[in-house]
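Trainee: What follows is a structure written as structure tokens; I'll ask about it next.
Residue numbers (my numbering): 761 to 1191.
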């Protein structure tokens, strides 16, 4: 018997809902035996039909059937009830790997590449990441905010309620600080969760040419400063044969560990130099890109519960042909997140819905996998234990969709079926 005082004490009630919970409490992701004829109790999307949600103090306080709440509805004001008329509710989407704060753009390079220019040609003319670093250093904090805000709003219009934003186009203390400050300001203005990531170990700035170790020493020195200013939630690096070695990144990770900051890494995008094994050693949140990831390192990621973040936007833009090892990740039960990787050079993408479609069409992920990768596993990739799923005790960050079934979110291209987002128990009327 449901307690009357509980059932009449919610701040808000959502009724007549179909819900993709992504919660193990409702059957999502229950381990299956590959040799069994039938899945062992797994329920796709952890879905509930004809359901209702009670919300209190910004949290999900109760989930049940429509019948359970109907008798209590007269106790509520009309403004406290949302009748979604059979539409679908998912957790608010989470974009767990972005570089949305940057100055300028590189559409000129995009055009030049289509006309036959090589990356080396573009770099020789001052293009590539150096161009973005120059534009970002030159931008005022106000200008940088205005440019970046447009990208955040585009993502929120598609149901994003939490986002990660990296630095890494400053490559000096002042500009790294400026980028992280803008990231914090964006979260404050739009009242959504922003996880900030320190990515000074992104590339070698021109003033440190041929002095990578000296630059890494600076990166290690800046981190405690920015952390003391409340600007850093996690630490990232670019571990590749064209960027920094595992030993150089290890030096950065050691400083992060001394500050109790979680780590993550851009790794195995272009080559396999052991970046994911390094992240696993430090029990990192995620390893990202991963086209060249070895099965041995997949096992290490599985053992450390490190999320594999898949980034089809960069794969698409670069016309890559080396697929990430999806089957091996499934085999070793490594959670897979998916993200836009929004950045000016290799993934100028501000649609997480299109990213989901790309994950299905390019990488053969299932619609359930890409939606889980944009919710529950994206939350895990950011260490957000109370987001990404719909269950009692979690934050009431929700997205409401006018769709026939959850697979529509990955199936449709260019049609945005969003009806609204709820952040911390409050519906957003407009975005």
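C-beta atoms are modelled at their ideal positions from N, C-alpha and C, and glycine is treated no differently. Since this is a predicted model, take the numbers as computed values, not measurements.
What is the rounded straight-line gap between the Cα of residue 864 and the Cα of residue 1067?
Mentor: Across the structure, residue 864 and residue 1067 are spaced so that their CA atoms are roughly 31 Å apart.
Trainee: Along the chain, where does the beta strand (DSSP E) that runs through residue 870 open and close?
Mentor: Going by DSSP, residue 870 is part of no beta strand (DSSP E) but of the alpha helix (DSSP H) stretching over 867-874.
Trainee: Taking the straight line between their C-alpha atoms, what separation do you get for residue 1171 and residue 1109?
Mentor: 18 Å
Trainee: What's the call for residue 1063, buried or exposed, on a 16-neighbour Cβ count within 10 Å?
Mentor: Label assigned to residue 1063: exposed.
Trainee: Spatial neighbours of residue 959 within its chain, please: CB distance less than 6 Å, with the 5 preceding and 5 following residues excluded, ordered by chain position.
Mentor: Answer for residue 959: 926, 927, 928, 996, listed in chain order.
Trainee: Can you give the beta carbon distance from residue 1097 to residue 1054, rounded, assuming they're within the 8 Å contact cut?
Mentor: That pair is no contact at about 20 Å.
Trainee: Pick helix, strand or coil for residue 900, following the three-state DSSP scheme.
Mentor: coil
Trainee: Pull up the distance between the alpha-carbon of residue 967 and that of residue 1071, whole angstroms please.
Mentor: 30 Å
Trainee: Where residue 812 and residue 824 are concerned, what is the direct C-alpha to C-alpha distance, given to the nearest angstrom?
Mentor: 5 Å
Trainee: Which residue or residues does DSSP assign as beta-bridge partners of residue 1011?
Mentor: Looking at the DSSP output, residue 1011 shares a beta bridge with no other residue.
Trainee: Residue 956 by DSSP, collapsed to three states: which one?
Mentor: strand
Trainee: For residue 1127, is the classification buried or exposed, using 16 other Cβ atoms within 10 angstroms of its Cβ as the cut-off for buried?
Mentor: buried
Trainee: Might you give, ordered along the chain, the residues of its own chain that have their beta carbon closer than 7 Å to the beta carbon of residue 786, omitting 5 neighbours on each side?
Mentor: 803, 806, 808
Trainee: Going along the chain, which residues of its own chain have a beta-carbon closer than 7 Å to the beta-carbon of residue 783, five neighbours each way excluded?
Mentor: 806, 1149, 1150, 1151
Trainee: Considering just the uninterrupted stretch of the beta strand (DSSP E) at residue 1151, what are its terminal residues?
Mentor: Careful: residue 1151 lies outside any beta strand (DSSP E) and carries neither H nor E.
Trainee: Suppose contacts are defined by Cβ-Cβ distances below 8 Å. Is residue 1168 in contact with residue 1179 by that definition?
Mentor: no
Trainee: If you compare alpha carbons, which of 774, 1030, 868 is closest to residue 833?
Mentor: 774
Trainee: Span of the beta strand (DSSP E) holding residue 1188?
Mentor: 1186-1188
Trainee: Can you name, in chain order, every residue of its own chain whose Cβ lies under 6 Å from the Cβ of residue 993, other than the five neighbours on each side?
Mentor: 955, 956
Trainee: Counting beta carbon pairs with one atom in the stretch 1130-1138 and one in the stretch 876-896, are three or more of them shorter than 8 Å?
Mentor: These segments do not touch.
Trainee: Looking at residue 898: is its Cβ nearer than 8 Å to the Cβ of residue 848?
Mentor: no
Trainee: Which runs of the beta strand (DSSP E) fall wholly inside the stretch 1079-1146 and span at least 3 residues, in chain order?
Mentor: 1096-1098
Trainee: Who are the near neighbours of residue 1094 in its chain, counting only those whose CB is closer than 7 Å to its CB and skipping five residues on each side?
Mentor: 1058, 1061, 1062, 1068
Trainee: Report the residue ranges of all alpha helix (DSSP H) runs contained in full by the stretch 915-1002; include only those spanning at least 4 residues, in chain order.
Mentor: 933-950, 972-988
Trainee: Could you pull out every residue in the same chain whose Cβ sits closer than 6 Å to the Cβ of residue 934, ignoring the five residues on either side in sequence?
Mentor: For residue 934, same chain residues with a beta-carbon under 6 Å away, outside a window of 5 residues either side, do not exist.
Trainee: Within the same chain, show all residues whose beta-carbon is closer than 8 Å to that of residue 973, passing over the 5 residues directly before and after it, in chain order.
Mentor: 1008
Trainee: Taking the straight line between their C-alpha atoms, what separation do you get for residue 1056 and residue 1033?
Mentor: 12 Å
Trainee: For residue 815, I'd like the list of residues in its chain whose CB is within less than 7 Å of its CB, leaving aside the five on either flank, ordered along the chain.
Mentor: 770, 771, 772, 821, 1156, 1185
Trainee: Please classify residue 908 as buried or exposed, where buried requires at least 16 other C-beta atoms within 10 Å of its C-beta.
Mentor: buried
Trainee: What would DSSP say about residue 769, mapped onto helix, strand or coil?
Mentor: Reduced to three states, the DSSP call for residue 769 is coil.
Trainee: Residues in its own chain within less than 8 Å of residue 1102 by CB, not counting five upstream and five downstream?
Mentor: 855, 858, 859, 860, 911, 915, 1073, 1108, 1109, 1110
Trainee: For the beta strand (DSSP E) containing residue 1164, name the first residue and the last one.
Mentor: It is not in any beta strand (DSSP E) - residue 1164 carries neither H nor E in the DSSP assignment.
Trainee: Relative to the alpha-carbon of residue 917, which residue among 1113, 1118, 1140 has its alpha-carbon at the smallest distance?
Mentor: Comparing Cα positions, the closest option is 1113.
Trainee: Find the nearest neighbour of residue 977 within the set 889, 1079, 1012, 919, judged by alpha-carbon distance.
Mentor: 1012
Trainee: Exposed or buried, residue 1182, counting other C-beta atoms within 10 Å across all chains shown (16 or more means buried)?
Mentor: buried
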